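The structure under discussion appears below in the form of structure tokens.
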């Protein structure tokens with residue numbers, strides 16, 4: 501029977517029906533902030549997220565530094581409670597090393613929410629990793645991941661439940677080492693691998709092929725952020741190799757010139773466009789490899805600040821798919837079966 505490591509211990513996958521496959525409880529993305537130049541920009545940048553700024557932040561979320569930080573335990577608990585209405589049973593926090601992984605805060609949250617919580621092991625993109633990580637060998641990075649999976653994260657008994665890797669617009673040397681290390685950790689532990697990708701390049705395909713060349717089956721890999729902008733040839737290149745994709749930017753419909761967008765290479769797709777691309781991919785036979793998420797990482801995405809919250813898929817996107825004519829069996833496949841099947845990687849659940 502397939503199992504998964506959670507904050508409440510190792511659980512059978514058969515326990516779960518509804519899963520949030522790609523989220524974050526806490527976050528600090530200030531490395532992606534747009535540094536202000538004018539006095540007006542500085543006033544905005546160093547201020548707080550306010551309801552009267554929602555219009556601005558829904559165009560460009562990177563111009564207010566406070567928007568890029570999630571660090572309030574009470575907010576995390578109250579926001580995750582919105583999932584209870586939809587009977588969500590498992591939330592995957594894909595915060596690898598380099599992102600916020602405060603185990604005291606995460607353990608506290610895990611004790612005060614209904615769903616089980618999973619934390620990833622692995623390494624985020626090169627620009628949040630210091631020289632100590634840059635200097636690690638592939639074997640040392642693999643040992644780090646395996647230790648977090650088998651023994652616990654940061655001195656706790658909480659064991660990582662999935663592996664997370666990350667690449668930038670190109671694959672930097674430390675990111676390549678982390679991918680090779682993830683392949684070693686996967687072969688040792690059997691855990692699936694998520695790849696954070698830069699949405700305006702094909703580097704995700706290179707990363708997937710590198711993993712596959714090093715013994716990781718395509719079905720054990722999920723390529724993230726494939727719904728920010730659409731290149732059908734790129735999507736099908738990933739899917740034809742057996743990988744899963746997460747459409748994980750639902751609710752993010754940003755629009756700004758690339759010159760104003762910090763790391764972003766252009767505008768984001770809309771939720772309607774995402775749903776219609778899902779329909780096309782299902783029609784073309786790839787439905788069983790698709791998962792949906794919000795990848796909540798911005799303050800303005802929280803209900804408290806006027807956002808759609810962690811429950812956006814269940815509360816709003818499922819009805820949108822129904823209105824777009826999706827058969828109920830396809831909706832169930834996307835929001836229930838596929839996340840469990842990905843975690844099981846073909847094993848009996």
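Residue numbers (the numbering used here): 501 to 849.
We put the beta carbon where it would ideally sit given N, CA and C, even for glycine.
Source: prediction; values computed, not measured.
Note: residue 723 is bridge-paired with 695, 745 in the DSSP secondary-structure output.
If you keep only unbroken beta strand (DSSP E) runs of at least 3 residues inside the region 512-544, you get 519-523. If you draw a 10 Å sphere on the C-beta of residue 510, you find fewer than 16 other C-beta atoms in it, and that means exposed.
Comparing C-alpha distances from residue 743 to each of 769, 706, 751 shows the shortest one belongs to 706. Counting other Cβ atoms within 10 Å of its Cβ, residue 565 reaches 16 or more and is therefore classed as buried. A check of alpha carbon separations from residue 588 across 849, 845, 847, 840 identifies 840 as the nearest. Within 10 angstroms of the beta-carbon of residue 645 lie 16 or more other beta-carbons, which makes it buried. Shown here, residue 604 sits in a helix according to DSSP, grouped into three states. Exclusion of the five residues before and after residue 724 leaves 522, 694, 695, 696, 697, 746, 748 as the residues of its chain whose Cβ lies within less than 7 Å of its Cβ.
For residue 848, no alpha helix (DSSP H) segment is defined, and its DSSP state is neither H nor E.
Comparing alpha-carbon positions, the option among 757, 844, 740 lying closest to residue 662 turns out to be 844.
Residue 531 counts as exposed, since fewer than 16 other beta carbons sit within 10 angstroms of its beta carbon. Within the same chain, Cβ atoms closer than 6 Å to the Cβ of residue 536 are found at 542, 545, the five residues on either side in sequence being excluded. Relative to residue 667, the option among 636, 629, 648, 736 whose CA is nearest is 629. Comparing alpha carbon positions, the residue from 567, 738, 648 closest to residue 786 is 738.
DSSP, reduced to helix, strand and coil, places residue 590 within a strand of the structure shown. Excluding five sequence positions before and after residue 678, the CB atoms of its chain that fall closer than 8 Å to its own CB belong to 622, 623, 641, 665, 666, given in chain order. DSSP places residue 796 in the coil class of the three-state scheme, outside both helix and strand. Residue 570 has 527 as its beta-bridge partners, per DSSP.
Under the 8 Å Cβ criterion, the region 714-721 counts as touching the region 672-689, having at least three qualifying pairs. The straight-line gap separating the alpha-carbon atoms of residue 735 and residue 708 is approximately 12 Å. The shortest C-alpha to C-alpha distance from residue 653 to any of 606, 821, 673 is the one to 606. In the structure shown, residue 662 falls within a strand segment according to DSSP collapsed to helix, strand and coil. DSSP lists no bridge partner for residue 647. Of 775, 502, 554, the smallest CA-CA separation from residue 800 is found for 554.
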